[in-house]
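J.: One structure, as structure tokens, below. Some questions next.
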């Protein structure tokens, strides 16, 4: 107790007997600028606060600006020095800007975390709904059978860095939210005016069991030999770009652009030894022409059983999900940055500007997002996906 009393004297805090009658003296001390806060603070000797939230700082500043005495406001908000209050008043604009920036960048993440905490505390988890014609038990049985038979043989015949998996997925110019808030009790479903989905492209991703990644191959919708192919130099050198009439993978793109193009160059430059590549049962992937083309480059084509890619294809098991999540995050970040950049325009005009981007601009932005998202997929993520697939 003697140590506590000594500290209270050093801080200018009087003892409790005269605390109630000393408020006027405290106000006078504040106006004269001398001494520290002299209110009794019933705190333990090691319980003084050293940090304060920006919200509390602004609340203190607003009370002082409304006519409150600095000492009284500080004491009522558990602030131990008037110097801190004066500093907050001086930096009020910076405090407000910090809070505004935080809300712009963190509000959605905070809401998402709160929802996840509530759901997890009730025993639920978030999963994307998918459709399958095979039961979970049948899928797991097929995974075990294929891994024990084909997967084991591939592991014996090839080193891990010589085993690959390739597959394509759709990517969209605009990644709109999948869920919105709607008023309860409405008979109609929540509807948003516009197309069902924005324009899309396809991207072919290729990974090895050792964690190596090939450049992504982006397939835009367009005519072969048209302006998009002629302008390929405008895109990043960390990605390959081609076109197809509907923006999907087909026999021409698979055989000419990938097998006899990207894959052939990769084999010649880095892997002259025999290789193996797992693919799904898409017709162009497993055609005789494709098998012969791969064989000409010393590669064994290994088709996966039908309807089992959800558990057997490493890209589907643990890579496509993080890749697409990163794409959505990058799209949202770009949209928020664009809206903030043109702050002098009305919000409606800024939103319309995003929709009115030219096709070339949209393609370049999509390519940049694909490159950034693919770079975020690390070796550990890839290896873990292969382990989970049992291959």
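In this note's numbering, the protein residues as written are 497 to 887. Backbone N, C-alpha and C fix where the C-beta goes; we use that ideal spot for every residue, glycine too.
#1: For the ligand COA, is there any heavy atom lying closer than 7 angstroms to the beta carbon of residue 613?
#2: For the 8 angstroms Cβ check, are there 3 or more pairs between the segment 649 to 659 and the segment 705 to 715?
#3: Of all the options 874, 559, 806 and 826, which has the alpha carbon lying nearest to the alpha carbon of residue 886?
#4: Could you check if residue 854 is buried or exposed, using at least 16 other CB atoms within 10 Å of its CB as the buried criterion?
#5: Can you name, in chain order, every residue of its own chain whose Cβ lies under 8 angstroms from the Cβ of residue 789, other than the five neighbours on each side?
#6: For residue 829, tell me which candidate among 878, 850 and 845 has the shortest Cα-Cα distance.
#7: DSSP on residue 528, reduced to helix/strand/coil?
#8: Run through DSSP, which three-state label would residue 790 get?
#9: Suppose contacts are defined by Cβ-Cβ distances below 8 angstroms. Is residue 866 in contact with residue 749 by that definition?
#10: Which residues in the same chain have their Cβ closer than 7 angstroms to the Cβ of residue 831, if we skip the five residues on either side of it in sequence?
#11: Please state if the CB of residue 740 and the CB of residue 710 are separated by a distance shorter than 8 angstroms.
#12: Using DSSP's beta-bridge definition, name the partner residues of residue 709.
#13: Identify whether residue 697 lies in helix, strand or coil by the three-state DSSP scheme.
#14: What is the residue span of the alpha helix (DSSP H) that residue 762 lies within?
#15: Here's the rule I'm using: 16 or more other beta-carbon atoms within 10 Å means buried, otherwise exposed. How should residue 647 be labelled?
#16: Give a yes or no on whether the C-beta atoms belonging to residue 562 and residue 578 are separated by under 8 angstroms.
#17: Give the straight-line distance between the Cα atoms of residue 763 and residue 753, rounded to the nearest whole angstrom.
#18: How about residue 869 and residue 822: do their beta carbons lie closer than 8 angstroms?
#19: When we look at the beta-carbon of residue 859 and count the other beta-carbons within 10 Å, is it buried (16 or more) or exposed?
#20: Going by CA-CA distance only, name the one from 645, 808, 580 and 570 that's closest to residue 777.
#21: Residue 810 and residue 873: beta carbons closer than 8 angstroms?
#22: Would you mind giving the Cβ-Cβ distance between residue 701 and residue 663, rounded to the nearest angstrom? I have them listed as a contact below 8 angstroms.
#23: For residue 863, which of helix, strand or coil comes out of DSSP?
#24: Between 610, 670 and 813, which has its C-alpha nearest residue 697's C-alpha?
#25: Taking the alpha carbon of residue 797 as the point to measure from, which residue in 862, 815, 816 and 770 has its own alpha carbon closest?
#26: Only counting the same chain, and skipping five residues up and downstream in sequence, which positions put a Cβ closer than 7 angstroms to that of residue 799?
#27: Starting from the Cα of residue 723, find the closest Cα among 553, 856 and 766 and give me that residue.
#28: Could you give the C-beta distance for residue 667 and residue 847, rounded to a whole number, given that I count them as a contact under 8 angstroms?
#29: Thinking just about the alpha-carbon of each residue, which of 734, 712, 735 and 743 is nearest to the one in residue 719?
#30: Quick check: residue 816 and residue 665, are their CB atoms within less than 8 angstroms of each other?
#31: Just curious, the beta strand (DSSP E) that residue 796 is in, first and last residue?
#32: So, is residue 611 buried or exposed, given that buried needs 16 or more other C-beta atoms within 10 angstroms?
#33: Could you check the C-alpha separation between residue 765 and residue 793 for me, to the nearest Å?
#34: Rounded to the nearest angstrom, what separates residue 852 and residue 836 at their Cα positions?
#35: Which of the three DSSP states, helix, strand or coil, is assigned to residue 772?
T.: If we stick to the structure as given:
#1: Among the components modelled here there is no ligand, and therefore nothing to report on the ligand COA.
#2: Segments in contact, yes.
#3: Counted from its first residue, the chain shown places residue 886 at position 390. Residue 806 is the option with its Cα nearest to residue 886.
#4: What you label residue 854 is simply residue 358 of the chain shown in a count that begins at 1. It counts as exposed.
#5: As a first step, residue 789 is located in the chain shown; it is residue number 293 there, counting from the start. So the list reads 751, 755 and 756, once near-sequence residues are dropped.
#6: As a first step, residue 829 must be located in the chain shown, where it is residue number 333. Out of 878, 850 and 845, 850 has the C-alpha closest to the C-alpha of residue 829.
#7: Position 32 of the chain shown, counted from the first residue, corresponds to residue 528. Interpretation of residue 528 is limited by its pLDDT of 42, a score under 50 that renders its predicted location unreliable; no figure is taken from the coordinates.
#8: Stepping through the chain shown from its first residue, residue 790 is reached at position 294. Helix, per DSSP.
#9: Start at 1 with the first residue of the chain shown, and residue 866 comes out as number 370. Start at 1 with the first residue of the chain shown, and residue 749 comes out as number 253. No, these two residues do not count as a Cβ contact at 8 angstroms.
#10: Your numbering for residue 831 matches position 335 in the chain shown. If we look at residue 831 and ignore the five residues flanking it on each side, its Cβ neighbours are 850.
#11: Here the question's residue 710 lines up with position 214 in the chain shown. Here the question's residue 740 lines up with position 244 in the chain shown. Using a Cβ distance threshold of 8 angstroms, residue 710 and residue 740 do not count as a contacting pair.
#12: Sequence index remark: in the chain shown, residue 709 carries index 213 (1-based). 703.
#13: By one-based count along the chain shown, residue 697 stands at place 201. In the structure shown, residue 697 adopts extended strand secondary structure according to DSSP, grouped into three states.
#14: Along the chain shown, one-based indexing puts residue 762 at 266. Annotation: the continuous alpha helix (DSSP H) that includes residue 762 extends over 760 to 766.
#15: Mapped onto the chain shown, residue 647 falls at position 151. The residue is buried, with at least 16 neighbouring Cβ atoms inside 10 Å.
#16: Within the chain shown, numbered from 1, the residue matching residue 562 stands at position 66. Within the chain shown, numbered from 1, the residue matching residue 578 stands at position 82. Not closer than 8 angstroms, so no.
#17: On the chain shown, residue 763 is found 267 positions in, with the first residue counted as 1. On the chain shown, residue 753 is found 257 positions in, with the first residue counted as 1. Here the C-alpha atom of residue 763 lies approximately 14 angstroms from the C-alpha atom of residue 753.
#18: Counted from its first residue, the chain shown places residue 869 at position 373. Counted from its first residue, the chain shown places residue 822 at position 326. Yes, the pair counts as a contact, with Cβ atoms nearer than the cut-off.
#19: Position 363 of the chain shown holds residue 859. Residue 859 should be labelled buried.
#20: Position 281 of the chain shown holds residue 777. With distances taken between CA atoms, residue 777 lies nearest to 808 out of 645, 808, 580 and 570.
#21: As a working note, residue 810 is residue 314 in the chain shown. As a working note, residue 873 is residue 377 in the chain shown. Between residue 810 and residue 873, the gap from beta carbon to beta carbon reaches 8 angstroms or more.
#22: Here residue 701 refers to the residue found at position 205 of the chain shown. Here residue 663 refers to the residue found at position 167 of the chain shown. The beta carbons of residue 701 and residue 663 sit about 6 angstroms from each other, so the pair counts as a contact at 8 angstroms.
#23: Locating residue 863 in the chain shown gives position 367, where the first residue counts as 1. Annotated three-state conformation of residue 863 is helix, per DSSP.
#24: Residue mapping note: residue 697 aligns to position 201 of the chain shown, counting from 1. Nearest of 610, 670 and 813 to residue 697, Cα basis: 670.
#25: For the purposes of this step, residue 797 is taken as residue 301 along the chain shown, with counting starting at 1. Out of 862, 815, 816 and 770, 770 has the C-alpha closest to the C-alpha of residue 797.
#26: Counting from 1 along the chain shown, the entry for residue 799 is found at position 303. Cβ neighbours of residue 799 beyond the five flanking positions: 775, 777 and 782.
#27: Mapped onto the chain shown, residue 723 falls at position 227. Out of 553, 856 and 766, the CA that lies nearest to the CA of residue 723 is found in 856.
#28: Taking the first residue of the chain shown as position 1, residue 667 is located at position 171. Taking the first residue of the chain shown as position 1, residue 847 is located at position 351. Taking 8 angstroms as the upper bound for CB-CB distance, residue 667 and residue 847 are not in contact here, some 22 angstroms apart.
#29: Indexing the chain shown from 1 puts residue 719 at position 223. With distances taken between Cα atoms, residue 719 lies closest to 743.
#30: As a working mapping, residue 816 is identified with position 320 in the chain shown. As a working mapping, residue 665 is identified with position 169 in the chain shown. Closer than 8 angstroms, so yes.
#31: On the chain shown, residue 796 is found 300 positions in, with the first residue counted as 1. Looking at the DSSP string, the run of the beta strand (DSSP E) that includes residue 796 is 795 to 799.
#32: For the purposes of this step, residue 611 is identified with residue 115 of the chain shown, where counting begins at 1. When all chains shown are included, residue 611 counts as exposed.
#33: Stepping through the chain shown from its first residue, residue 765 is reached at position 269. Stepping through the chain shown from its first residue, residue 793 is reached at position 297. Taken atom to atom, the span from the alpha-carbon of residue 765 to that of residue 793 is near 12 angstroms.
#34: Against the chain shown, residue 852 aligns to sequence position 356. Against the chain shown, residue 836 aligns to sequence position 340. Residue 852 and residue 836: Cα-Cα distance of roughly 17 angstroms.
#35: The residue given as residue 772 occupies position 276 in the chain shown. Residue state, collapsed to three classes: strand.
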